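Chemist: Below is the structure I would like to discuss, written out as structure tokens.
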RNA sequence: GGGCGCGUAGCCUAGCCUGGAUAGGGCACCGGGUUCCUAACCCGGCGGUCGAGGGUUCAAAUCCCUCCGCGCCCGCCA
């Protein structure tokens with residue numbers, strides 16, 4: 001026994017591994033020193049494999065060091081392992097194949113992990129501290145009609161990211177940027193400004209007979225949109241009318257109907273998102289930046305910007321040849337020949353407003369906005385704003401036949417339709433299992449299962465992966481799915497309920513939990529703080545989905561392997577483990593925005 | 001043509017940032033499991049050498065280069 005390991009962990013740490021890693025690092029440094037190596041602690045930490053390996057909890061490869069010692073890696077690892085100082089938190093240190101494998105004391109790990117999970121409760125896995133304020137902008141879909149599931153990928157990624165960042169200790173404000181100034185919104189106002197009998201025939205034909213009294217407002221007011229879009233392609237005169245309307249809106253002279261229609265459609269869209277647990281802190285109207293003069297200020301600043309150029313016809317642009325933009329279109333136009341602003345210009349005003357309030361910004365964008373993001377970066381540079389948003393770019397959801405989901409092409413899968421189908425299937429599943437339940441409970445559970453399945457299905461895949469939409473995959477309630485996690489949570493709740501121990505405290509004796517499945521479950525619970533921190537740092541929201549599945553999977557194995565309520569001396573401790581699992585699963589579901597179910 | 005992303009078993013997917021020990025899961029398929037805490041579950045089996053080729057390295061799914069395939073973008077639209 002040597003002197004105590006220096007306390008490297010901060011007292012505020014809520015990560016179980018912080019009780020072990022500093023001691024392991026210290027032990028390795030000592031053992032390496034004895035063998036003639038002086039390694040900087042941070043270099044050693046970088047080499048550590050904290051996910052362990054097949055042989056232990058933490059692995060340290062010595063391949064890099066071996067040549068310096070003129071020893072085979074295998075031999076060096078053995079020597080280092082031999083010199084590892086004994087420690088109360090370390091059970092064993094063994095060398096194998098060039099790795100030094102450190103196994104921590106299981107009882108200690110159980111002790112620390114369960115204590116943290118049970119005392120931290122809803123905050124287990126979360127970090128304390130209030131970081132600088134951050135704004136997460138997501139969804140921001142044009143208010144032109146119902147969501148299709150391609151668009152909803154943005155909302156699910158954005159909302160989940162906001163939840164994860166909050167858990168990581170960042171004060172997050174979510175914003176929905178409403179584009180009420182473009183041609184899309186003008187097309188809606190254009191058609192509804194005409195009396196119905198004045199509508200062009202193809203547009204009327206597309207709407208007639210489709211309407212129902214109980215249509216949601218997004219469906220009702222957005223219904224003519226695809227037909228209008230198609231009609232405008234063929235009719236320059238109508239296009240001219242819409243263009244006039246756009247200019248009118250840009251001058252701040254929009255018909256009163258304009259804002260009302262956008263708001264009505266938006267309300268319908270938001271109702272669908274609300275079913276998925278998605279809401280927003282703030283809504284920001286694009287037109288606001290024109291009305292309050294900030295767009296004019298941006299235009300003025302850009303015209304005096306270092307690389308501003310006046311085009312021959314009176315338009316203004318930034319010579320972006322020095323920027324990370326395509327070479328054949330080196331100029332970013334920010335002011336039209338008629339003096340009006342463009343989308344990207346107004347987006348500069350919006351981002352300056354955000355930067356004035358928030359330390360950092362996150363924009364969740366579809367991959368088709370990649371170039372826009374770079375143009376925006378260039379313009380921010382030109383107006384002297386040194387900060388940049390963090391862009392989270394996701395790929396499209398496509399249809400099996402190939403191609404993107406298109407509202408106009410009729411290939412879109414509507415979010416509402418998907419949710420209804422999911423609800424129908426979930427209802428059948430609940431009834432098949434729980435015919436004893438009152439109808440209201442069946443409905444509540446079915447809704448939670450349906451929305452949980454859809455949300456999990458979208459978030460489980462890395463944002464940068466293209467996704468092909470398939471009904472049977474989206475509606476899966478088994479395996480790597482939302483309902484599987486929900487089920488595991490309900491099962492844990494059920495055990496506690498049956499044991500009449502659903503409220504704490506949960507006393508336990510770590511020495512009683514000796515089954516490999518118990519330790520395996522504890523290990524996965526102990527991972528949560530690191531997973532949350534990683535997910536927040538990298539915007540890999542799907543890591544939480546994978547983690548939730550891992551916890552559920554481990555819990556079910558444990559559940560089948562050992563009895564809880566019917567056990568003897570272990571009962572109390574196993575109940576505590578179930579309670580800690582339930583907490584971890586519940587916290588993970590919260591991060592995913594998937595509803596917890598106490599029974600299902 | 002240029003830019004960005006993707007390419008892992010029949011299908012879907014993790015790992016790629018920070019190279020490291022037999023590449024984790026799920027679906028499907030085959031075989032088991034319910035007098036017992038919720039079978040939306042569990043156990044076993046089957047199946048991949050990570051698009052192709054080259055390079056760097058003691059070590060490459062991971063880093064670099066070339067090529068192939070798929071998607072998207074390259075508007076005084078948003």
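Numbering (our numbering), first residue to last: 1 to 600. Just so you know, even glycine gets a beta-carbon here, dropped at the ideal spot from N, CA and C. Small disclaimer: the values here were computed from a predicted structure and weren't measured.
Among residues of its own chain, excluding the 5 on either side of residue 66, which ones have a beta-carbon nearer than 6 Å to its beta-carbon?
Modeler: Taken in chain order, the residues that qualify are 73, 76.
Chemist: Look up residue 597 in the DSSP assignment and say whether it is helix, strand or coil.
Modeler: The answer is coil: DSSP assigns residue 597 none of H, G, I, E or B.
Chemist: So, helix, strand or coil for residue 584, using DSSP?
Modeler: DSSP places residue 584 in helix when its eight states are reduced to three.
Chemist: What's the gap between the Cα of residue 249 and the Cα of residue 259?
Modeler: Rounded to the nearest angstrom, the two C-alpha atoms are 10 Å apart.
Chemist: Are the Cβ atoms of residue 425 and residue 469 separated by less than 9 Å?
Modeler: Cβ atoms of residue 425 and residue 469: not closer than 9 Å.
Chemist: Taking residue 497 as the reference, give the member of 36, 166, 576 with the closest Cα.
Modeler: Ranking the options by Cα distance to residue 497, first place goes to 576.
Chemist: Hey, which unbroken runs of the alpha helix (DSSP H) at 4 residues or more fall wholly within the segment 480-510?
Modeler: Counting only runs of 4 or more, we get 482-498.
Chemist: Under a three-way DSSP split, which group does residue 590 fall into?
Modeler: Of the three classes helix, strand and coil, the one that applies to residue 590 here is helix, per DSSP.
Chemist: Please classify residue 23 as buried or exposed, where buried requires at least 16 neighbouring CB atoms within 10 angstroms.
Modeler: Residue 23 should be labelled buried.
Chemist: Find the nearest neighbour of residue 203 within the set 390, 374, 226, judged by alpha-carbon distance.
Modeler: That would be 226, whose Cα lies nearest to the Cα of residue 203.
Chemist: What beta strand (DSSP E) runs, 3 residues minimum, are completely inside the segment 34-65?
Modeler: Counting whole runs of 3 or more residues, the segment 34-65 contains the beta strand (DSSP E) stretches 58-61.
Chemist: Using the Cα positions of residue 286 and residue 251, report the straight-line distance between them to the nearest angstrom.
Modeler: Computed Cα separation, rounded: 13 Å.
Chemist: Nearest CA to the CA of residue 491: which residue from 553, 289, 269?
Modeler: Among 553, 289, 269, the Cα nearest to that of residue 491 belongs to 553.
Chemist: Bridge partners for residue 260 per DSSP, in chain order?
Modeler: None; residue 260 has no bridge partner.
Chemist: Any chance you could list the alpha helix (DSSP H) runs of at least 4 consecutive residues sitting entirely within the segment 175-232, in chain order?
Modeler: For the segment 175-232, whole alpha helix (DSSP H) runs of length 4 or above, ordered along the chain, are 183-192, 201-207, 217-222.
Chemist: Going by the beta-carbon positions, is the gap between residue 362 and residue 389 smaller than 9 Å?
Modeler: Going by C-beta atoms, residue 362 is nearer than 9 Å to residue 389.
Chemist: Does the segment 345-356 come within contact of the segment 294-310, defined as at least 3 CB pairs closer than 8 Å?
Modeler: Touching, per the Cβ criterion.
Chemist: Classify residue 375: buried if its beta carbon has 16 or more other beta carbons within 10 angstroms, exposed otherwise.
Modeler: When all chains shown are included, residue 375 counts as buried.
Chemist: If we count the other Cβ atoms within 10 Å of its Cβ and call it buried at 16 or more, is residue 446 buried or exposed?
Modeler: Label assigned to residue 446: buried.
Chemist: Output the distance between the C-alpha atoms of residue 79 and residue 91, rounded to the nearest integer angstrom.
Modeler: In a straight line, the C-alpha of residue 79 is about 18 Å away from that of residue 91.
Chemist: In terms of DSSP beta bridges, what is residue 319 paired with?
Modeler: Its beta-bridge partners are 331.
Chemist: With DSSP collapsed to three states, give me the class of residue 313.
Modeler: Coil.
Chemist: For residue 369, tell me which candidate among 344, 356, 566, 529 has the shortest Cα-Cα distance.
Modeler: Measuring from the Cα of residue 369, the nearest candidate turns out to be 344.
Chemist: In three-state terms, what does DSSP make of residue 308?
Modeler: Residue 308: strand per DSSP, three-state reduction.
Chemist: Can you find the residues in the same chain that come closer than 6 Å, C-beta to C-beta, to residue 303, ignoring five residues on each side of it along the sequence?
Modeler: For residue 303, where only same-chain residues beyond five positions count, the Cβ hits under 6 Å are 316.
Chemist: Taking the C-alpha atoms as reference points, what is the distance between residue 187 and residue 207?
Modeler: Approximately 15 Å between the Cα atoms of the pair.
Chemist: Who are the Cβ neighbours of residue 127 in its own chain at under 8 Å, not counting the five residues just before and after it?
Modeler: Closer than 8 Å at the Cβ level, and outside the excluded window around residue 127, lie 14, 167, 168, 169, 529, 532, 533.
Chemist: At what residue ranges does the segment 325-378 contain a whole run of the alpha helix (DSSP H), taking only runs of 4 or more?
Modeler: Correct list: 343-357.
Chemist: When DSSP labels each residue in this structure, what does residue 385 get in the three-state scheme?
Modeler: Residue 385 falls in the coil class under three-state DSSP.
Chemist: Per DSSP, residue 284 is paired with what?
Modeler: Note: residue 284 sits in a beta bridge opposite 177.
Chemist: For residue 599 and residue 433, I'd like the C-alpha separation in whole angstroms.
Modeler: Looking at the two C-alpha atoms, the distance is approximately 12 Å.
Chemist: Between 144, 282, 119, 348, which has its C-alpha nearest residue 268's C-alpha?
Modeler: Closest by alpha carbon: 144.
Chemist: Looking at the secondary structure, which residues open and close the beta strand (DSSP E) in which residue 92 lies?
Modeler: Its beta strand (DSSP E) spans residues 90-96.
Chemist: Pull up the distance between the alpha-carbon of residue 519 and that of residue 461, whole angstroms please.
Modeler: Whole-angstrom Cα-Cα distance: 29 Å.
Chemist: For residue 131 and residue 162, what's the separation of their Cα atoms in angstroms?
Modeler: Near 14 Å, if we compare the C-alpha coordinates of residue 162 and residue 131.
Chemist: Please determine, among 56, 36, 583, 157, the residue with the shortest C-alpha to C-alpha distance to residue 538.
Modeler: Nearest option by C-alpha distance: 157.
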